[in-house]
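What follows is a short report on a single structure.
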Amino acid sequence: MARARPRVAIVGAGPAGAFAAACLLRGSGGAEIDLFERLPTPWGLLRGGVAPDHQEIKRLEDTFDRQTLRRGCRFLGNVEVGVDVSHSELMRHYTAVVYATGAQTDKSLGIPGEDLPGSRAATEFVGWYNGHPDYRELEFDLSAQRAVVIGNGNVAADVARILTLSAGALECTDVADHALEALRASRIEEVIVLGRRGPAQAAFTSAELRELGHLEGVEIRVDPEDLELDAVSHQWLEEKGSFTARTNLELLREFAARPARRGARRRIDLRFLRSPVEIRGTERVEAIDIRRNEIVRTDDGSLKARALQEDMETIDCGLVLRSVGYRAVPLPDVPFDERHFVLPNDQGRVRTPEGEPLRGVYAVGWIKRGPTGILGTNKRDAEETVNCLLEDLRAGELPAPPRPGRADLDTLLAERKPDLVTVEGWRAIDGQELDRGRSESRPRVKFASRDELLAAAAVPR
Amino acid sequence: MTYVIAGSCIKDDSCIEVCPVDCIHPKLGAPDFETAEQLYIDPEVCIDCDACVEACPIDVIFADFELPEKYEYALGLNAEFFAEQSTAERTTP
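Protein chains in written order, with the numbering used here: chain A, 6 to 466; chain B, 7 to 99.
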């Protein structure tokens, strides 16, 4: 008798889940794969994170679609594992469960005033302008002249860019309609981007940094004094600096040397070696206090910022967006490493905090390695996890689950989630969004609330 | 001529897999692979075969004479990446 086909549940349909599904389909010789997603739409941060003016990157969704959903992998959207269906239920129906849930929250600054209205995580702003239904109801007050962005990574660059792009530039993207309307009325003239460490340590990719210097009608300002490297940074750049770090510094020097531009519509001001100390305001954000840092070498050889004992500087502003990193949240009934904010794992095999392997449970992407790397990093990461899974399968480590077969699970889901979104539902959403986009000469016009998405999914094609 | 990878590169390694002359770097396992923000094509080695263009899932590899204006910087950047590497090799004892 032929062995039953292995059944694999992948939890999270973002890039890591999609790369894992594609890799499994290539390598397993016929696994049945179900891709669970808590939203009605697949592809995670590719849809909800990648900036709307970076449409070329969003082309990756065609590859994901071709390599997964068009090859028999099922999409089970609008189902939240841990809420609608439990981990142990998945284990009863699947040979293996792969968690690809990413890092769903952000790190906080831990300073007074952080929770004032007008101070938010940059990731919330990103979800809002990208039409992520969880952020549909947020409001961003863009009526003040100045916004402050805290952080020196690509998310900080993205939000600084979206805050300064012209309405005309935004109108030809798939930015969410509610955000487009608010950004059109924005009175922000200046965005100050604060980096805790120096220019040599900025985490922007040079591609993102370069873009900030080439936005139509936007002046970029860098204080040449900020670019005078201290001895520690200078040595570090020579010895350990990456090609990107050197390219970034060249770009920053070029920006700093530019003459002041009169008549620029908006300004981006990059300031380094500055940390926020307190966000101030009575009803809402009115100002932020910052202080200067110096770079010091720590005992382990890494470089860190240390506060200088100087007077603080106060910047008046009406919006503060912090972008100092993502953080994963624990999942119900699965072990969690509270120190590193990942599922404890060896190359993707999840284990208990004591080191015992949890047979049949795997992790991939940010929930496995932490929030590092770029899109393609997940491809190698998925290959590693899938190789472990296939190795365990071949070694007979993964016995057939007690209730194999799709019918059982489908009955359970039909009872609990009558508004489950399958691939047909997603194609209906996708088709309507693309149609709406065509009529407005935009790549896509998104449905941005859960109700709208579910209604669109139910429209027969 | 040469092909050029623009800055939207997501480091999907499909192009490396199909390149017949191994001119796309850094390669998986190289010390600078993780820190590299994108992949680069060595203009001295590229044979203009088009294989990487077909393989790129987001269409950000261009022939040098067809580079869109916003990616013009990428021609110099790809070359610079390799120039810097060969300098490093020469100066390392």
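Even for Gly, the Cβ is constructed at its ideal location relative to N, Cα and C.
Cβ-Cβ distance between residue i and residue j below 8 angstroms
i        : j        : result
A:Leu220 : A:Arg192 : no
A:Val153 : A:Ile320 : yes
A:Val355 : A:Val366 : yes
A:Gly118 : A:Gly286 : yes
A:Val16  : A:Val88  : no
A:Arg270 : A:Asn298 : no
A:Ile300 : A:Ile293 : no
B:Tyr9   : B:Ala61  : no
A:Gly123 : A:Val325 : yes
A:Ala400 : A:Ala25  : no
A:Glu94  : A:Arg411 : no
A:Cys28  : A:Val391 : yes
A:Val347 : A:Arg374 : yes
A:Glu389 : A:Gly360 : no
A:Arg296 : A:Leu313 : yes
A:Ala184 : A:Trp241 : no
B:Ile46  : B:Phe71  : Inspection of the sequence shows that residue 46 of chain B is occupied by Tyr rather than by Ile. Result no, Cβ atoms of B:Tyr46 and B:Phe71 do not sit closer than 8 angstroms.
Inter-residue spacing [alpha-carbon to alpha-carbon] between residue i and residue j
i        : j        : result
A:Arg266 : A:Glu224 : 6 angstroms
A:Leu234 : A:Ser113 : 28 angstroms
A:Gly330 : A:Leu336 : 19 angstroms
B:Ala80  : A:Arg258 : 18 angstroms
A:Glu61  : B:Ile64  : 6 angstroms
A:Ala126 : A:Ala161 : 10 angstroms
A:Thr169 : A:Ala433 : 34 angstroms
B:Cys52  : A:Val282 : 51 angstroms
A:Thr68  : A:Tyr99  : 26 angstroms
A:Glu291 : A:Glu144 : 17 angstroms
A:Leu414 : A:Pro406 : 12 angstroms
A:Val13  : A:Ala105 : 13 angstroms
A:Glu445 : A:Leu175 : 13 angstroms
A:Trp133 : A:Thr73  : 28 angstroms
A:Val196 : A:Ala165 : 6 angstroms
A:His92  : A:Arg215 : 45 angstroms
A:Glu142 : A:Asn135 : 13 angstroms
A:Gly22  : A:Thr110 : 18 angstroms
A:Phe41  : B:Ala12  : 33 angstroms
A:Arg97  : A:Leu363 : 14 angstroms
A:Arg385 : A:Leu439 : 31 angstroms
A:Arg311 : A:Leu188 : 36 angstroms
A:Arg64  : A:Glu288 : 43 angstroms
A:Arg276 : A:Pro465 : 52 angstroms
A:Leu232 : B:Leu83  : 22 angstroms
B:Lys76  : B:Val66  : 12 angstroms
A:Asp305 : A:Val237 : 14 angstroms
B:Glu40  : A:Ile155 : 25 angstroms
A:Val198 : A:Gly246 : 22 angstroms
A:Leu418 : B:Ala36  : 46 angstroms
A:Val90  : A:Leu403 : 21 angstroms
A:His59  : A:Pro409 : 42 angstroms
Nearest-angstrom beta carbon gap, residue j and residue i [assumed within contact, 8 angstroms]
i        : j        : result
B:Asp48  : B:His31  : 7 angstroms
A:Phe4   : A:Gly218 : Nothing about residue 4 of chain A can be read from this structure; chain A reaches only from 6 to 466.
A:Glu49  : A:Gly107 : First, the residue type needs correcting, since residue 49 of chain A is Gly and not Glu in the sequence shown. At roughly 6 angstroms, the Cβ-Cβ gap stays under 8 angstroms, so A:Gly49 and A:Gly107 are in contact.
A:Gly323 : A:Arg151 : 7 angstroms
A:Asp163 : A:Val131 : 7 angstroms
A:Ala212 : B:Gln44  : 7 angstroms
A:Leu458 : A:Pro47  : Incorrect: roughly 12 angstroms between the Cβ atoms, too far for contact.
A:Ser328 : A:Gly158 : 6 angstroms
A:Arg447 : A:Thr249 : 32 angstroms between Cβ atoms; not a contact.
B:Cys58  : B:Val24  : 6 angstroms
A:Phe452 : A:Ala463 : Not quite, the Cβ-Cβ distance comes to about 12 angstroms (not below 8 angstroms), so this is no contact.
Which residues DSSP lists as bridging residue i, in chain order
i        : result
A:Gly82  : A:Glu42, A:Val426
B:Phe68  : B:Val10
B:Ile16  : None, per the DSSP bridge assignment.
A:Leu275 : A:Val198, A:Val227
A:Glu343 : Per DSSP, none; premise fails for A:Glu343.
A:Val366 : A:Val102
A:Ser280 : A:Arg296
A:Thr110 : A:Arg332
A:Val154 : A:Val198, A:Leu326
A:Val16  : A:Phe41, A:Tyr104
B:Tyr46  : B:His31
Any chain C beta carbon closer than 8 angstroms to residue i
i       : result
B:Glu90 : Protein chains A and B are contained in the structure displayed, whereas chain C is not.
Any non-hydrogen atom of the ligand ADP closer than 7 angstroms to residue i Cβ
i      : result
B:Tyr9 : Looking for the ligand ADP in the displayed structure turns up nothing, as the structure carries no ligands at all.
**Q.** Segment contact, 8 angstroms Cβ cut-off, at least three pairs: the segment 427–434 of chain A with the segment 78–85 of chain A
**A.** yes
Q. Is the segment 389–408 of chain A in contact with the segment 434–445 of chain A, if contact means three or more CB pairs nearer than 8 angstroms?
A. no
Q: Determine contact between the segment 371–381 of chain A and the segment 15–30 of chain B, defined as no fewer than three beta-carbon pairs at a distance below 8 angstroms.
A: Yes, they touch.
Q) Does the segment 52–59 of chain A come close enough to the segment 24–42 of chain A that 3 or more CB-CB pairs lie under 8 angstroms? A) no
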